[in-house]
DNA sequence: GATGAATGAGGCTTCATTCAT
DNA sequence: GATGAATGAAGCCTCATTCAT
C-alpha cells in the first residue's frame, strides 16, 4: 500500500519484517533466516537486496531516521515564534513516537549501536540539526537561556525519549493528552529564560491541567 | 557479602573484564572465550563461577545498578530541603557517570536488554524508587509542579542520561562544571512550581553562569 | 563447424572470459555470475548456451586441447626424419605455450581435474597420440632407445610442461631462445640411441650454445 | 603408530584424512564437515586445531613437502660422485612416490595451488634447493652440460613427476624396476656432458635393459 | 578449584540454477 | 534469444558449554 512500486515487493517485506524483529529481539538475536522466513521470501533473497546483515540494518536505520526527521519538521514552518516552533517539534515528536512505536523503539535501540555504520549515524543525525538551529535562534532572541545549545538539544532529545514510553504505556487517551502536555511544559520551562508558572506549551494556549484528584499510581 | 571473600580473585577478574568487554562490544559480540582469555583464566573457570553467560551479565547488572543507586543517595540524608535533596541526587548522578564512564555506559546499554533477566531489572529499578518519593514530597510541599510523578522521574532519568555523555565528551574541567550546572538548572526549572529566572541548583548557591564570551563550542 | 557462426558472439564472450577466469581463479573460485558479468551478459544467458557449469568447462577443455594438438602437428609432415619431426613437435609445443600462456596454464591446471568429464579427457588425449607413433618409429629405426614408448612420451610431455614456465618467466628473448634450445637438447639426448655430445635439436642445426660468460642468471 | 604423541590423536587424524580427501576430491570438493566426519571428530575440533580450511591445507603441504624433501636426500651424502648422488636422488624420488602415492599426488596437485600460501610454497621449495646445488657441482666438474641449472632442475622435477605415475600404473614389480631404470637413464643422458650409449644410472651399474620381445602396448 | 580439548547446533553467506517476462 | 530476480541447498566457521584430568 504505502509502497507503490511493485518491483520492490520483497525488498520492502524484508525491511518491514526486519524492523519488527530487530526491535523485538535485537540484532544478534534475529537470525537472517528468521527474517526471510517471516517475510515470506527465500534466504537468498535477503542477500540479493542487502549484501550483508549489517547493510540491512543500516538501510533500515537511515530510512527510519529520515522518516522521523521529516515527521518532526511537519508544520514547523507555519509557526511564527521560536517558542511555537519548538513546541510544535515536541508535539510532533510525541505524536510520531506514539503513532509509530515500532519505529521509535528501533531508533532508540540502535541509536548508539555498533551494527549501524558511522556514516549512517552521521546522516541520521543530520536530519535533526534544524532543532539546534531553532534553539540558537531562541537564545539569540533572549527567550531561551543562554546555555550550551548542544547540551540543550541533548536534554530535549533524551527527555522526549523518556516521555514517549510513559505515554505509550498509558491506555486512556485523555490521560495520554495530559501527560504529553505536562512533558512539554517541563521541557519549555527548562529551556525558557522567563519560565511561566502556569502556562505551558500546548496548542490551545491553555494551561497544563493539574493532575486530577482521581489520579492514581 | 560472601562475595567479598578475597579468595574470589578469578571471579572478580572475570566480572571486571566482562564489564568492559560487554560495554565495548555488546553481549553477543563478546564470546565467553574472549572474557576468560582477557581475564587470564581458563574457559572452564568462567562456567564454574557463572552457570551461563546470561547469569554472568545478570550478576554484573545487579552489581552495577546497586552501586549506582548507592552513589545517587550519597549525602542526600544530610540535605534539609526537597530541592537540595533532588539537586544532590542530580549532582551525584553526573559525578558518578563521569567518574565511572564504563559502568555508566554498561547500565545504559543493558537497561532494556533481553539478556538481563526481568528480576534483575526489577531489583535494579528498586534502587531508584527513592527518587520518586522525593518528587512526591516536593509536590506535596508545593514546590514541584503537580504533574505525574512517574513521568517526572522518567524525564529526570532520561535527561541525566542525556547530560552525562555531553559532559564526558568535554575535556576541559571548567567547561564540564559549567555544563553540569546548566543541565541541573534546566531540570530544576522543568520541575519547579515557581521557577527562578536566574538561579539554579548548584552547591554554592551561585547562579548558573551564562556562556561567557570566552566560551564558544 | 556450426560454432563458427558469428551470431554466437555472446557464447564466445562467455567461453573466452571463462578461460581466463578459470585459469586465474580455479573452477570453484569462479562463480558463474562472475563469468557472465565479465562477459557482459546476463546470468541466465550462460545457462542458455551451457546446461551446467561443468558443460562449460568441458567445452572449453575440448576446444583448448584440440587447438594445442593442432599446434603441435604444424609442419611436422614436412620434416623428413623422425628426429626432425620430434624436434619440430618440441619447438611447436614451446612456441604455442609461450604464445598462449593462458591456454597453456588452463590445460595444465585441468589436465587431471575431476570437473572435466572422462570423455573430454580421452578426446583431449587423442590429439597427442601421434607423438607416441613418432616415438615408435624412432625406436624401429634404431635412433631412439628401445624403452617403453608410453614412458618416453610421458617424460616428454612432462618435461615440455616443465620447460615452458621457465621460459615464460624469462623476459629476455635471446635468453628465451637459448633456454628453448637447451631444453630440447636435453630431451633429444634423453631419447637418442646415439646421443651427441655437442649438437642439439634446433632449426639451424647449430649447436646449443653453452651459457656464455655474458649469461648469468 | 608413526605419531607417538598421544596428545595429538585427533589433530593427526584430521591431517591424515584431509590428505586423502583433498587429493581425491580437490580442495573445494572436500567440505570440512566431510573431513571431520571421516576423521571421527566433531566439526568444531577441526577448527580448534586449524583456524581455517586454508590453514589446514597449508599445514599439510608443508608437512608433505618436508617429508618428501627428506626422502630425496636419504643416503645422498654417502655417495661419492655427483652422478651417483643425482642418481640416488632420482631413485629416492621414484621410490618415495611409489611408496606414498597419496602424498605424491597431493604434492603434485597443490604444487601451484592458490589455496596454499605463498610462504608455504617457498618453504616447500627450499627443501629441494640442494638438487640445484648438485647440478651446479656437476656442471663445474664438467660432467653435466653447461645449461641453465634452474632449467635443468625444472626438467628433472617435471620428468620425475611424469615417470612416477607411469610406474605406479604398472602392477608387475619387474616391469616397474625396468621402467624406473629407463626413466633414470633418460634423465642422465639428458643431463650428461658425455652421454653413454649403453649404460645408465642404476645401483648395480648394469646397463638399462632393453624392452624384451614380449613387450606390449 | 582450575584447566583446555572437545563438542555440535546454528549462524551468515554463496552460488548454480530456474523461470516469468 | 536474453534478462535478472528469486530460490534454497550447502559450505565455512563460531561459540556456549561440558568433562576428564
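Protein chains in written order, with the numbering used here: chain A, 1 to 217; chain B, 1001 to 1217; chain C, 2001 to 2217; chain D, 3001 to 3217.
The beta-carbon is built from N, C-alpha and C at its ideal position, and this holds for glycine as well.
On a predicted model such as this, the values are computed, not experimentally measured, just so you know.
What residues match up with residue i in a beta bridge as DSSP calls it?
{"i": "residue 2192 of chain C", "result": "C/2144"}
Start and end of the alpha helix (DSSP H) containing residue i?
{"i": "residue 92 of chain A", "result": "82-99"}
{"i": "residue 2049 of chain C", "result": "2043-2049"}
{"i": "residue 16 of chain A", "result": "9-25"}
{"i": "residue 119 of chain A", "result": "118-126"}
{"i": "residue 111 of chain A", "result": "Neither: residue 111 of chain A is in no alpha helix (DSSP H) and is coded neither H nor E."}
{"i": "residue 64 of chain A", "result": "53-73"}
{"i": "residue 169 of chain A", "result": "Premise fails: residue 169 of chain A is in no alpha helix (DSSP H) and is neither H nor E."}
{"i": "residue 32 of chain A", "result": "32-39"}
Going by other Cβ atoms of all chains shown within 10 Å of its Cβ, with 16 needed for buried, is residue i buried or exposed?
{"i": "residue 80 of chain A", "result": "exposed"}
{"i": "residue 18 of chain A", "result": "buried"}
{"i": "residue 3040 of chain D", "result": "exposed"}
{"i": "residue 3172 of chain D", "result": "exposed"}
{"i": "residue 3068 of chain D", "result": "buried"}
{"i": "residue 1187 of chain B", "result": "buried"}
{"i": "residue 3009 of chain D", "result": "exposed"}
{"i": "residue 1205 of chain B", "result": "Residue confidence for residue 1205 of chain B is low, a pLDDT of 44 falling below 50, so the modelled location carries little weight and cannot support an answer."}
{"i": "residue 1217 of chain B", "result": "Confidence is the limiting factor: at residue 1217 of chain B the pLDDT is only 41, short of 50, which leaves the residue's position unreliable, though a coordinate-based value still follows. So residue 1217 of chain B counts as exposed."}
{"i": "residue 1036 of chain B", "result": "buried"}
{"i": "residue 1125 of chain B", "result": "exposed"}
{"i": "residue 3119 of chain D", "result": "exposed"}
{"i": "residue 1121 of chain B", "result": "buried"}
{"i": "residue 3005 of chain D", "result": "Low confidence applies here, because residue 3005 of chain D scores a pLDDT of 48, under 50, leaving its location unreliable and the question unanswered by this model."}
Are the beta-carbon atoms of residue i and residue j separated by less than 9 angstroms?
{"i": "residue 183 of chain A", "j": "residue 167 of chain A", "result": "yes"}
{"i": "residue 3045 of chain D", "j": "residue 3014 of chain D", "result": "yes"}
{"i": "residue 1145 of chain B", "j": "residue 1178 of chain B", "result": "no"}
{"i": "residue 1102 of chain B", "j": "residue 1023 of chain B", "result": "yes"}
{"i": "residue 163 of chain A", "j": "residue 1154 of chain B", "result": "yes"}
{"i": "residue 2029 of chain C", "j": "residue 2094 of chain C", "result": "no"}
{"i": "residue 1086 of chain B", "j": "residue 1134 of chain B", "result": "yes"}
{"i": "residue 75 of chain A", "j": "residue 62 of chain A", "result": "no"}
{"i": "residue 3097 of chain D", "j": "residue 2147 of chain C", "result": "no"}
{"i": "residue 110 of chain A", "j": "residue 27 of chain A", "result": "yes"}
{"i": "residue 156 of chain A", "j": "residue 77 of chain A", "result": "no"}
{"i": "residue 230 of chain A", "j": "residue 137 of chain A", "result": "Not covered by the structure: residue 230 of chain A. The range shown for chain A is 1 to 217."}
{"i": "residue 1161 of chain B", "j": "residue 150 of chain A", "result": "no"}
{"i": "residue 3174 of chain D", "j": "residue 3117 of chain D", "result": "no"}
{"i": "residue 3072 of chain D", "j": "residue 3106 of chain D", "result": "no"}
{"i": "residue 3043 of chain D", "j": "residue 3050 of chain D", "result": "no"}
{"i": "residue 3057 of chain D", "j": "residue 3115 of chain D", "result": "yes"}
{"i": "residue 1223 of chain B", "j": "residue 189 of chain A", "result": "Given that chain B is displayed from residue 1001 to residue 1217, the structure contains no residue 1223 of chain B and the question cannot be resolved."}
Kindly examine the ligand MG and report whether one of its heavy atoms sits closer than 8 angstroms to the Cβ of residue i.
{"i": "residue 2152 of chain C", "result": "Inclusion of the ligand MG in the displayed structure is not the case, the ligand content being empty and no account of it being possible."}
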